[in-house]
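Just so you know, the sequence shown maps onto residues 1 to 482 in the UniProt record's numbering.
The beta-carbon is built from N, C-alpha and C at its ideal position, and this holds for glycine as well.
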Amino acid sequence: MSSSVFEYAPAPESRSIVDIAPSYGLFVDGEFVDGTGEPLKSVNPATEEVLTEVATASEADVDRAVRAARRAFDKVWGPMRPADRGKYLFRIARLLQERAREFAVLESLDNGKPIRESRDVDVPLAAAHFFYHAGWADKLDHAGLGPAPRPLGVAGQVIPWNFPLLMLAWKVAPALATGNTVVLKPAETTPLTALLFAEVCRRADLPPGVVNIVTGAGETGRAVVEHGDVDKVAFTGSTEVGKSIARAVAGTRKKVTLELGGKAANIVFDDAPIDQAVEGIVQGIFFNQGHVCCAGSRLLVQESIHDEVIASLQRRIGTLRVGDPLDKNTDIGAINSAEQLARIRELSDIGEAEGAERWQPACDLPERGFWFPPTVFTNVSPAHRIARDEVFGPVLSVLTFRTPDEAVAKANNTTYGLSAGIWTEKGSRILKIANQLRAGVIWANTFNKFDPTSPFGGYKQSGYGREGGRHGLAAYLKGHDA
1 MSSSVFEYAP APESRSIVDI APSYGLFVDG EFVDGTGEPL KSVNPATEEV LTEVATASEA
61 DVDRAVRAAR RAFDKVWGPM RPADRGKYLF RIARLLQERA REFAVLESLD NGKPIRESRD
121 VDVPLAAAHF FYHAGWADKL DHAGLGPAPR PLGVAGQVIP WNFPLLMLAW KVAPALATGN
181 TVVLKPAETT PLTALLFAEV CRRADLPPGV VNIVTGAGET GRAVVEHGDV DKVAFTGSTE
241 VGKSIARAVA GTRKKVTLEL GGKAANIVFD DAPIDQAVEG IVQGIFFNQG HVCCAGSRLL
301 VQESIHDEVI ASLQRRIGTL RVGDPLDKNT DIGAINSAEQ LARIRELSDI GEAEGAERWQ
361 PACDLPERGF WFPPTVFTNV SPAHRIARDE VFGPVLSVLT FRTPDEAVAK ANNTTYGLSA
421 GIWTEKGSRI LKIANQLRAG VIWANTFNKF DPTSPFGGYK QSGYGREGGR HGLAAYLKGH
481 DA
């Protein structure tokens, strides 16, 4: 009998469109300048090849960037007509579109995500955020945020490694649209698209100091967050770091938004269309190698359809292709770093030791680079660490329920509250269950779909504040809580 898995010929995306310099400095006051810290190496996680060396910003470098942002806010960006600010955002959005292929290839090289995702999701959504917020720039008086809303001043923003360019857009676009200036610290393992974005800012003739990009590790991020002249802190990343930021800014005048970890429940009821639900489960946990804070990492299946769903899910996972992120056929790329791979392995081993059953498809992993196969755990109890801790990798924990009330209780039995999914044919059930779930974003019969017009954020240890939509503007304006 012939194999049911269709064999794909390699379809690699060319690297030639990307020109990576041997080293990069910091982007401060419209210029690339040297950093005074110890430089970092940026590595391609699929091959462990060193891509380039990137400067590290010291406390003094961060201070220089904040002073540049303050000058730009006081003299240029703050007083500028809102409609003119909008024109700059439109220009940035169009340049992102024009250079979309370059950004997509660079993102996959630096991050390890499949080119299909960086090309079809990350880059188009990043441009969409700038287009959307460009439209808001001269309409803030009509946003329902009070009369004559005013910008805060200088925003210090720290972003993670899982969606480097998209998280930059989520942070920078609303800040600029509302009249603030920015000091942004990208993740230490994925700084390259942020540095390419700095070139876009120059091409757009954005006034010097409006956007400043300081690269480095945790100490650089701490210097940005704790700087006395930063008016607004926006952070996306781990709950642990989020707690330390909350402690650092407590008692100061700084406004804060935190978008932290998650352990989302993807709930499948017995009337759900199973093939459609399986696609949503796969999209929910294996998109971006599971490096997604709102990933559907807990699958709650109604007991009567458990075996059917798992069999269908295993068949579907067997067709996923793990490998070269620059191959257009790849479904699951590389894990972002050796450190993250070690954490995924550790939590998976703990899951097995606690009594859960691990299933992985037969798949050949490349010899070099950081890889982990798509993994499903069954016989998971809510007490297991793989059902409680954020793995942040392609690992799914399956639990069962009998009644809708039990589904809600199990879904809410988490310290997090970022997202959830509901799969059912009944609209009334969707509305009732969604109303009972303590999660910031709830998808119905889909998962991991994003739009700049829709606010995103969580409850409990998933953070506070919203990003995107009209709600996301409030976090960057005086007199309005996020």
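- [ ] Pull up the CB-CB distance for residue 155 and residue 65, whole angstroms please, since I reckon it's below 8 Å.
- [x] So it is not a contact: roughly 12 Å between Cβ atoms.
Open item on the list: Quick check on the DSSP output: the beta strand (DSSP E) that includes residue 235 runs from which residue to which?
Closed with: Here the beta strand (DSSP E) through residue 235 covers 232-236.
Open item on the list: Can you tell me whether residue 340 is helix, strand or coil according to DSSP?
Closed with: In this structure, residue 340 counts as helix in the three-state DSSP scheme.
Open item on the list: Rounded to the nearest angstrom, what separates residue 568 and residue 381 at their Cα positions?
Closed with: This structure cannot speak to residue 568, because the chain is shown only from 1 to 482.
- [ ] Would you decide whether residue 311 is buried or exposed? Buried here means 16 or more other CB atoms lie within 10 Å of its CB.
- [x] Residue 311 is classed as exposed because its beta carbon has fewer than 16 other beta carbons within 10 Å across all chains shown.
Task: C-alpha distance - residue 461 paired with residue 27, whole-angstrom precision - done: Their Cα atoms are separated by approximately 33 Å.
Task: Pairwise C-alpha distance: residue 283 and residue 313 - done: In a straight line, the C-alpha of residue 313 is about 11 Å away from that of residue 283.
Task: Paired residues, beta bridge with residue 359 - DSSP - done: DSSP, once it has assigned bridges, lists 376 as partnering residue 359.
Task: 6 Å CB neighbourhood of residue 541 in its chain, flanking five on each side removed - done: Because the chain here runs from 1 to 482, residue 541 falls outside it and cannot be looked at.
TODO: Identify every run of the beta strand (DSSP E) within the segment 279-359, keeping only runs that are complete inside it and at least 3 residues long; order them along the chain.
DONE: Counting whole runs of 3 or more residues, the segment 279-359 contains the beta strand (DSSP E) stretches 298-302 and 357-359.
- [ ] Report the rounded CA-to-CA distance for residue 52 versus residue 23, giving the unit in angstroms.
- [x] If you take the alpha carbons of residue 52 and residue 23, they lie about 5 Å apart.
- [ ] Could you name the residues of the same chain whose beta carbon sits closer than 8 Å to that of residue 399, not counting the 5 residues immediately before and after it, in chain order?
- [x] Taken in chain order, the residues that qualify are 298, 299, 300, 301, 380, 381, 382, 387 and 410.
- [ ] Take the Cβ of residue 232 as the centre, count every other Cβ of all protein chains shown within 10 Å, and call the residue buried at 16 or more, exposed below.
- [x] Its Cβ being crowded by 16 or more others within 10 Å, residue 232 is buried.
TODO: Work out the CA separation of residue 278 and residue 309 for me, nearest whole Å.
DONE: CA-to-CA, the gap between residue 309 and residue 278 works out to about 7 Å.
TODO: Below 8 Å CB to CB, which residues in the same chain sit around residue 449 once its five sequence neighbours on both sides are set aside?
DONE: When the five nearest sequence neighbours on each side are left out, the beta carbons in the same chain lying within less than 8 Å of the beta carbon of residue 449 are those of 443, in order along the chain.
TODO: Keeping to the same chain, check which residues put their C-beta closer than 8 Å to that of residue 76; ignore five residues upstream and five downstream.
DONE: Once the five neighbours on either side are set aside, the close Cβ partners of residue 76 are 207, 209 and 210.
Open item on the list: On the criterion of 16 or more Cβ atoms from any shown chain inside 10 Å, does residue 241 qualify as buried, or is it exposed?
Closed with: Result: buried.
TODO: Determine the DSSP secondary structure at residue 467, reduced to helix, strand or coil.
DONE: DSSP, read as helix, strand or coil, puts residue 467 in strand.
Open item on the list: Using the three-state DSSP reduction, which class does residue 255 fall into: helix, strand or coil?
Closed with: If DSSP states are grouped into helix, strand and coil, residue 255 belongs with the strands.
Open item on the list: Does the structure place the segment 160-172 close enough to the segment 186-195 that three or more beta carbon pairs sit under 8 Å?
Closed with: Look at the beta carbons and you see the segment 186-195 touching the segment 160-172: at least three pairs across the two are nearer than 8 Å.
- [ ] Use the C-beta contact count for residue 239: other C-beta atoms within 10 angstroms, 16 or more gives buried, fewer gives exposed.
- [x] The residue is buried, with at least 16 neighbouring Cβ atoms inside 10 Å.
TODO: Flag this pair as yes or no: are the beta carbons of residue 229 and residue 70 separated by less than 7 Å?
DONE: Residue 70 sits close to residue 229, with the two beta carbons spaced by under 7 Å.
- [ ] Quick one: which unbroken beta strand (DSSP E) runs of 3-plus residues sit fully inside the segment 161-204? Chain order, please.
- [x] Counting whole runs of 3 or more residues, the segment 161-204 contains the beta strand (DSSP E) stretches 181-185.
Task: Length of the line joining the Cα atoms of residue 496 and residue 172 - done: Only positions 1 to 482 of the chain appear in this structure, which leaves residue 496 out of reach.
Task: Integer-rounded CB distance, given that residue 267 should sit under 8 Å from residue 422 - done: Sure, about 5 Å apart at Cβ, within 8 Å.
Task: Enclosing alpha helix (DSSP H) for residue 400 [first to last residue] - done: Per DSSP, residue 400 is not a residue of any alpha helix (DSSP H); the beta strand (DSSP E) it occupies stretches across 395-401.
Task: Sub-7 Å separation of residue 166 and residue 127 beta-carbons - done: No, the pair does not count as a contact, with Cβ atoms beyond the cut-off.
Task: Contact set for residue 454: own chain, Cβ-Cβ below 7 Å, skip 5 residues either direction - done: Answer for residue 454: 468 and 469, listed in chain order.
- [ ] Could you name the residues of the same chain whose beta carbon sits closer than 7 Å to that of residue 413, not counting the 5 residues immediately before and after it, in chain order?
- [x] Annotation for residue 413: 382 place their beta carbon closer than 7 Å to its own, counting only its chain and skipping 5 residues before and after.
Open item on the list: I'd like to check one pair, residue 342 with residue 370: are the Cβ atoms closer than 7 Å?
Closed with: In this structure, residue 342 does not lie closer than 7 Å to residue 370 by Cβ.
- [ ] Specify the secondary structure class of residue 211 as computed by DSSP and reduced to three states.
- [x] Strand.
Task: Short Cβ contact (7 Å threshold) for residue 322 with residue 363 - done: Contact: yes.
TODO: Tell whether a beta-carbon distance below 7 Å holds between residue 257 and residue 475.
DONE: Less than 7 Å divides the Cβ of residue 257 from the Cβ of residue 475.
Open item on the list: Within a Cβ cutoff of 6 Å, which residues of the same chain sit near residue 100, ignoring the five residues on either side of it in sequence?
Closed with: Around residue 100, the same chain offers 123 as residues with beta carbons nearer than 6 Å, after the five sequence neighbours per side are excluded.
- [ ] Starting from residue 136, follow the alpha helix (DSSP H) in both directions and report where the run begins and ends.
- [x] Start and end: 123-136.
Task: Which of helix, strand or coil DSSP assigns to residue 38 - done: Of the three classes helix, strand and coil, the one that applies to residue 38 here is coil, per DSSP.
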